[in-house]
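Undergrad: Before anything else, here's the structure in question.
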Amino acid sequence: MTFCKLLTPVAALVLAVGIAHADVARVVIADSDPELQRAVVTTLAPWRFEVLVDPKAPVDIEEAKTRAAAADARFVVWRHGRDLLVFDRDRDAVEQRATSAGTLDDARAAQAALTVKTLMRLPPPPEGEGSAVPIEDGSAAIGSAAPPVVPPIEQAFEIRVQAGLGAQVDSAGAIAGGTVAALVRRWSPPVHIGIAGNLGSSTAIEQAGFKGDWRQWSVLALASYAVPAGRIEIEPFVGGGITRGVLDGTESAVVRRETATLGTARGGVWIRLPLGRFSVGGALAADFLVSTPTYIRQGGGSMSAIFEVPGFAFSIGAFAAADFSL
C-alpha cells in the first residue's frame, strides 16, 4: 500500500510532463540565414513552439511535406527566391508572400518573421510568454524572455531589370535581336507587371526592283506569373502593345520609305534560375501582329509584291536579370 501511495504522484508527474510535451507544436525553419532564424524564433516565442533549424531549404512543396512528416512538425518555413513560404501540415496548405532574397539585415528579418506569424494564422498566444531558442541539436529550449519590438510588416516592393539576346524566326527568315524589360512586383502572389521592348531588327529585301530593308521595334506591356519547380521558376507571360516598322530602300533608283504601326500580342515563358537577387535563364515567345501590310510595286499594268510583313514570329533566347527591393 505504501509503495502504491509513492507511485501515484510519480505516475501523475510523468503523465503531466508527457501531456505538456505533447502540447508543444514543432516548427521547422529551413533557411541558412541566422538573422531570419533568430527573428522567427523570437517572434514565435509566445506560442512556445519547439523550433527545429535546418539550413537547407526544400526544393519544392512535396519535400516540405516530407520534412514536416519526418520531424512531426506542424509548420515548415522556407524561402524560394524572393518568396517566403509556410507549409501547415494540419491544413495541408501552403501560404506564400513576397520577401527579400539573400542575407537579411535585422529589420528585414524581423519583417519576414512577422509575415511568417501571419501566414501561420495563429490564435492569440497563451498566458505566460516564453522564448524558443535554437540549440545545437536542432531542437529548441524554452526560456523566459519577452519578444523584442519589431517594425510592422511591409510588403517588399521589387523592381526587376532584365535583358536578353536571341533569334526570331518568321516567314521572312531568321534574325538576331535583343530584348529589355522592366517589371515590378508589389503583392504577395508572384506576379510581375511592366514593359518590355524589342530592340531594332532588320530584314534585307531585294525583290521586284526594290533594294533595301524592313526594320522594326516593339514596345509591350507584360504580366507574368512565376511557378516554383525545384530550383528553377517557370514563368509564363502575356502582353500586348505596338510594333513600329519601316520599309526603307530604293525602287528603280527612286528612294522609297514607308512606315507602319501594328498591334502586337505576345505570349511565352521564361525558365529562370534564381541566384540570390540575380537570375539567368531561357525564353520562348510567340508574337502575333495585327493587320500586317504587303508592300507592292506597280508598273507596266502589273503589280509585284516587294515584301509581306510576317504576321507571326517565334523567338528563342537567353537572358539575365537583377531584382532590387525597396
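If you use our numbering, the sequence shown closes out at 438, no skipped numbers anywhere. Idealized CB from N, CA, C, for every residue including glycine. Because the structure is a prediction, the values reported are computed rather than measured.
#1: For a test of the three-state rule: what should DSSP assign to T404, helix, strand or coil?
#2: Kindly indicate which three-state DSSP category V171 falls into: helix, strand or coil?
#3: So, at 7 Å on beta carbons, what are the nonlocal neighbours of T355 in its own chain, with the 5 sequence-adjacent residues on each side left out?
#4: For the segment 169-182 against the segment 190-203, are there 3 or more C-beta pairs whose distance is under 8 Å?
#5: Relative to the ligand MG, is the shortest distance from any of its heavy atoms to the C-beta of A137 smaller than 8 Å?
#6: Indicate the three-state DSSP secondary structure (helix, strand or coil) for L156 in the structure shown.
#7: Quick check: R138 and A185, are their CB atoms within less than 9 Å of each other?
#8: By how many angstroms is the C-alpha of G193 removed from the C-alpha of G313?
#9: From Q319 to V421, what distance separates their C-alpha atoms?
#10: Going along the chain, which residues of its own chain have a beta-carbon closer than 8 Å to the beta-carbon of A432, five neighbours each way excluded?
#11: For the alpha helix (DSSP H) containing L226, list its first residue and its last residue.
#12: In angstroms with no decimal places, state the Cα-to-Cα distance between G423 and A308.
#13: Express the C-alpha separation of T362 and I383 in angstroms, rounding to a whole number.
#14: I need the straight-line Cα distance from Q410 to I418, nearest angstrom please.
#15: What ranges does the alpha helix (DSSP H) occupy inside the segment 289-313, keeping only unbroken runs of at least 4 residues that lie completely in it?
#16: Got a sec? Which residues, its chain only, sit under 7 Å from A284 by beta carbon, not counting five neighbours each side?
#17: Rounded to whole angstroms, what is the Cα-Cα separation between V350 and S403?
#18: State the DSSP-derived secondary structure class of P146, mapped to helix, strand or coil.
#19: Quick one: is S427 buried, meaning 16 or more other Cβ sit within 10 Å of its Cβ, or exposed?
#20: By DSSP's criteria, R203 is part of a beta bridge. Which residues make up the other side?
#21: Determine the burial state of G324: buried for a count of at least 16 other Cβ atoms within 10 Å of its Cβ, exposed for fewer.
TA: Walking through what the data contain:
#1: coil
#2: coil
#3: Q328, S330, L374, T376, L401
#4: yes
#5: This structure lacks the ligand MG, and indeed carries no ligand of any kind.
#6: coil
#7: yes
#8: Here the sequence assigns Ser to residue 313, which means Gly is not the residue at that position. Roughly 34 Å separates the two Cα atoms.
#9: 14 Å
#10: Q274, A275, G276, F390, S391, V392
#11: 218-232
#12: 19 Å
#13: 43 Å
#14: 10 Å
#15: none
#16: T315, P422
#17: 20 Å
#18: helix
#19: buried
#20: None, per the DSSP bridge assignment.
#21: buried
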